[in-house]
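Below is one structure; the comments refer to it alone.
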Amino acid sequence: MKYVVVGASAAGLSALQAIRELDPHGDVTVVDEETRPAYSRVLLTHYIAGTVEDRDLFLVEEEFYRKCGVRALLGVRATGLDPDGRQVDLTDGRVLRYDRLLVATGARAVVPGWSAPGAGGDRGGTGETGVTGLRTRDDAVRIRRAALAGHSVVIVGGGPVGVKLACALRELGVTPTLLVGSPRILSQVADREASLILERHLVRCGVRVRCGVEVSEVIRGPLGTEGVVLSDGSVLPGRLVVVCKGVEPRTELVRGHVAVRRGVLVSGGMQTSVPEIYAAGDVAECPDIWGEGTRVSAIWPHASRQGKVAGTNMAGGRDLFPGVLPRNAMDVLGTPFVSMGVLDAPAEGGWRSVSRRRGDSYLRLVIRGDSVVGAVLVGCVRMAGPIQAAIRRGGRGWEELVAP
Ligand SMILES: Cc1cc2nc3c(=O)[nH]c(=O)nc-3n(C[C@H](O)[C@H](O)[C@H](O)COP(=O)(O)OP(=O)(O)OC[C@H]3O[C@@H](n4cnc5c(N)ncnc54)[C@H](O)[C@@H]3O)c2cc1C
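Here our numbering runs 13 ahead of the position in the sequence shown, where the first position is 1.
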């Protein structure tokens with residue numbers, strides 16, 4: 014059996030291991046456009062803060078692939094797919110034939126128009142200043158260098174990556190400015206109360222936060238990037254502008270060949286609409302735990318679990334992903350924050366929420382009918398595990414979780 018895996022990160026690596034366990038002699042090739050072995054994106058902000066060394070970012074060593082008997086083509090991109098001929102074209106001119114293909118191409122940082130190459134100028138360059146995203150190790154290296162060189166940093170986007178970066182820069186002694194288009198930080202992953210607690214904490218810790226503003230233009234001068242013009246007309250100085258406006262699944266390899274919505278649509282077995290093609294990780298859109306819809310989940314543990322499921326099924330085993338339960342967890346400069354599941358309780362239809370607040374410690378459960386379906390925790394997150402387990406079991410018996 015010939016297997017091709019495109020993408021050697023959380024999803025791709027777990028798939029390789031699962032394939033090898035079931036098919037020790039299969040012909041396995043992994044392709045990744047990164048030139049070095051897989052690393053942890055989760056640790057990138059810790060690397061920027063200086064609490065994790067560069068060498069500790071890597072998940073596997075150079076010999077890993079050889080030891081597993083896997084052909085690794087690094088520094089090469091898959092550019093074309095022929096599902097009828099079952100082959101993948103690579104940038105180096107090679108054509109790979111497959112019996113089973115896994116698309117584990119992840120996601121890329123969204124590039125708003127004002128920051129696109131040309132508009133934003135030196136985006137993607139190797140210099141310390143300019144405009145960058147935060148998705149790759151190269152991005153992280155650039156941000157850390159800029160911060161250490163004393164350049165002012167503007168972060169655009171108040172989602173989890175933007176907030177994690179703001180925290181990392183503070184740990185490094187830099188005072189970043191966090192620009193947030195929404196009226197509050199973490200608006201997609203926290204409720205209003207949690208956002209406000211965390212925003213106040215960030216400000217107390219020295220992060221400058223401005224909500225309700227968008228960037229309309231990057232200012233370029235003789236020194237390169239010098240700042241940004243905001244939607245209210247004001248100007249903010251900044252030598253490095255980091256765009257953290259979310260991610261989009263990298264579906265381009267398979268778009269037009271398999272069913273794609275926001276991500277590549279897959280079953281619980283991570284199979285696409287073409288049976289011999291699988292997808293897993295940030296590129297995949299799969300059923301949620303309630304069986305009510307499909308979601309792109311974009312977190313490491315899901316990518317890794319989905320990769321394992323895909324690899325097992327590709328090699329003839331049987332495994333099922335239990336469904337996406339959206340989740341976020343982070344440490345906001347010493348204040349832990351966790352959210353999961355559904356965060357809004359509509360006014361009608363048997364929804365309600367139960368909350369408890371003591372100082373800056375906050376817990377809110379979202380209840381549908383008799384079942385807990387979502388939660389937000391700030392400060393004390395001890396109950397996050399039991400709440401998650403309860404949601405996965407169907408959500409009954411939640412009253413015990415908030416007993417005083
Ligand atoms: C700064 C940051 C912090 C994060 N923090 C957290 C966190 O705290 N907790 C958490 O759970 N998640 C976190 N995440 C998200 C997590 O990193 C992702 O969910 C995870 O990396 C997804 O893994 P993946 O294998 O699906 O894709 P990716 O990690 O995106 O890897 C995809 C790989 O495919 C390769 N590729 C893509 N297209 C091609 C092609 N055509 N040809 C060849 N190679 C290709 C890419 O080079 C890449 O190596 C964070 C992400 C970032 C960027």
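We put the CB at the ideal spot given by N, CA and C, even for glycine.
Look at the alpha carbon of A328 and the alpha carbon of K15, and state the distance between them as a whole number of angstroms.
-> Each residue's alpha carbon lies about 10 Å from the other.
Neighbourhood of R157 by C-beta distance below 6 Å, restricted to the same chain and skipping five residues each side = Cβ within range, chain order: I61.
R107 versus E75: straight-line alpha-carbon distance, rounded | Distance between the alpha carbons of R107 and E75 is about 22 Å.
Exposure label - D95; buried when at least 16 CB within 10 Å | Exposed, because fewer than 16 other Cβ atoms sit within 10 Å of the Cβ of D95.
Per DSSP, cross-strand counterpart(s) of T238 | In DSSP, T238 forms a bridge with R233.
Is it the case that the CB of S352 approaches a heavy atom of ligand 2 more closely than 6 Å?
-> With respect to ligand 2, the structure shown offers nothing to examine, as its ligands consist of ligand 1.
May I ask which residues mark the beginning and end of the alpha helix (DSSP H) holding F77?
-> Looking at the DSSP string, the run of the alpha helix (DSSP H) that includes F77 is F77 to K80.
For the 8 Å Cβ check, are there 3 or more pairs between the segment 279–286 and the segment 317–326?
-> By the C-beta criterion, the segment 279–286 is judged to be in contact with the segment 317–326, since at least 3 inter-stretch pairs fall below 8 Å.
Could you pull the start and end residues of the alpha helix (DSSP H) that R155 belongs to?
-> Membership of R155 in the alpha helix (DSSP H) is indicated by the continuous run R150 to L161.
Alpha carbon of G137 to alpha carbon of V144, nearest angstrom = At G137 the pLDDT is 47, less than 50, meaning the model places this residue with poor confidence; the figure from the coordinates comes in the next sentence. Looking at the two C-alpha atoms, the distance is approximately 7 Å.
Simplified DSSP state of R110, which is helix, strand or coil = In the structure shown, R110 falls within a strand segment according to DSSP collapsed to helix, strand and coil.
Between which two residues does the alpha helix (DSSP H) containing Q201 stretch?
-> Looking at the DSSP string, Q201 is not in any alpha helix (DSSP H), and its letter there is neither H nor E.
Among all the DSSP beta bridges, which residues are the ones paired with D40?
-> Residue pairing by DSSP places D40 opposite K15 in a beta bridge.
By Cβ distance, which residues of its chain are closer than 7 Å to S366, with the 5 residues on each side in sequence left out?
-> Contacts found: A358, R377, L378, V379 and I380.
For V216, which of S195, V242, C180 and V226 has the nearest alpha-carbon?
-> In terms of Cα proximity to V216, the closest of S195, V242, C180 and V226 is C180.
beta-carbon T104 near ligand 1 non-hydrogen atom, thresh 6 Å = Not under cutoff, so the answer is no.
Inspect the beta-carbon positions of L356 and D204 and report whether they are closer than 7 Å.
-> Result yes, Cβ atoms of L356 and D204 sit closer than 7 Å.
Among G336, A311 and R275, nearest to I302 - alpha-carbon criterion | Answer by Cα proximity: G336.
Applying the criterion that 16 or more other CB atoms from any shown protein chain within 10 Å of the CB defines a buried residue, is Q319 buried or exposed?
-> Flag for Q319 reads buried.
Determine, using beta carbons only, whether G251 and V345 come nearer to each other than 7 Å.
-> Contact flag unset, no.
Taking one C-beta from the segment 395–414 and one from the segment 244–258 each time, how about it: are there three or more such pairs within less than 8 Å?
-> The segment 395–414 is not in contact with the segment 244–258.
Where G354 falls, given that 16 or more other Cβ within 10 Å makes a residue buried = With 16 or more other Cβ atoms within 10 Å, it is buried.
Mind the definition here: the segment 30–46 touches the segment 55–71 only if three or more C-beta pairs lie below 8 Å; say whether that holds.
-> At 8 Å Cβ cutoff, the stretches do not touch.
Look up G93 in the DSSP assignment and say whether it is helix, strand or coil.
-> G93 falls in the strand class under three-state DSSP.
Would you mind listing the beta strand (DSSP E) stretches within the segment 230–310 that are 3+ residues and don't spill past its ends, in chain order?
-> Every beta strand (DSSP E) of 3 residues or more that sits fully in the segment 230–310 is shown, in chain order, as 237–243, 248–250, 253–256, 260–262, 290–292 and 297–300.
Close-in-space but distant-in-sequence residues of the same chain around R263 (CB under 7 Å, 5 per side omitted) | T118, G119, A120, R121 and V296, listed in sequence order.
For A416, the three-state DSSP class (helix, strand or coil) = Correct three-state label for A416: coil.
Same chain, Cβ closer than 8 Å to G134, neighbours up to 5 away in sequence not counted = Confidence is the limiting factor: at G134 the pLDDT is only 48, short of 50, which leaves the residue's position unreliable, though a coordinate-based value still follows. Closer than 8 Å at the Cβ level, and outside the excluded window around G134, lie G143, V144, V231, R233, G237 and T238.
Within 10 angstroms of its Cβ, does D69 collect 16 or more other Cβ (buried), or is it exposed?
-> Classification for D69: exposed.
E184 CB to nearest heavy atom of ligand 1 below 6 Å | It does not: the Cβ of E184 is nowhere closer than 6 Å to a heavy atom of ligand 1.
Cut-off 7 Å between Cβ atoms - residues of its own chain near R369, not counting five sequence neighbours on either side = Answer for R369: L376 and V415, listed in chain order.
Where the beta strand (DSSP E) containing Y375 begins and where it ends | S374 to R381 is the extent of the beta strand (DSSP E) around Y375.
Can you list, in chain order, the residues of its chain whose CB lies under 6 Å from that of A21, leaving out five sequence neighbours each side?
-> Here the set comprises V43, D45 and A51.
DSSP bridge partner residues for R418 (one or two, in chain order) | With the chain represented from 14 up to 417, any question about residue 418 goes unanswered, as that position is not in the structure.
Note down the Cα distance separating V193 from V394, rounded to an integer number of angstroms.
-> Taking the straight line from one Cα to the other gives about 25 Å.
Fully enclosed by the segment 159–194, which alpha helix (DSSP H) runs are 4 residues long or longer?
-> Taking only runs of at least 4 residues, the alpha helix (DSSP H) segments lying wholly in the segment 159–194 are 173–184.
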